[in-house]
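Residue numbers (my numbering): 578 to 641.
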Amino acid sequence: MTRLPAVRVNCYLYEMADRSWRDKPVAMPRRTIDQVAHRSGEHLRAHAALAVHALRAATSATGS
578 MTRLPAVRVN CYLYEMADRS WRDKPVAMPR RTIDQVAHRS GEHLRAHAAL AVHALRAATS
638 ATGS
């Protein structure tokens, strides 16, 4: 299997001086997750991607 190059994406919201993220919901709404999956699928089909890897963030100790 051909290995694809790793891409690191830095998020200014979480890594820079902007602290407004603290007031945001802990998780995405289901509708947003579904839309991201749909649009990702469109992109992958359009570009004939051979593989995709997605990472799921760990949940908090409270399960949220």
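C-beta atoms are modelled at their ideal positions from N, C-alpha and C, and glycine is treated no differently.
Just so it is clear, the structure is predicted and the values come from calculations on it, not from any experiment.
{"Query": "How is LEU621 classed by DSSP in three states: helix, strand or coil?", "Result": "helix"}
{"Query": "Taking only the alpha-carbon atoms, compute the straight-line gap between VAL613 and HIS620 and give it to the nearest angstrom.", "Result": "10 angstroms"}
{"Query": "From VAL603, TRP598, HIS630, pick the residue whose C-alpha is nearest to that of SER617; which is it?", "Result": "HIS630"}
{"Query": "What does the alpha-carbon distance come out to for the pair ILE610 and ARG633?", "Result": "11 angstroms"}
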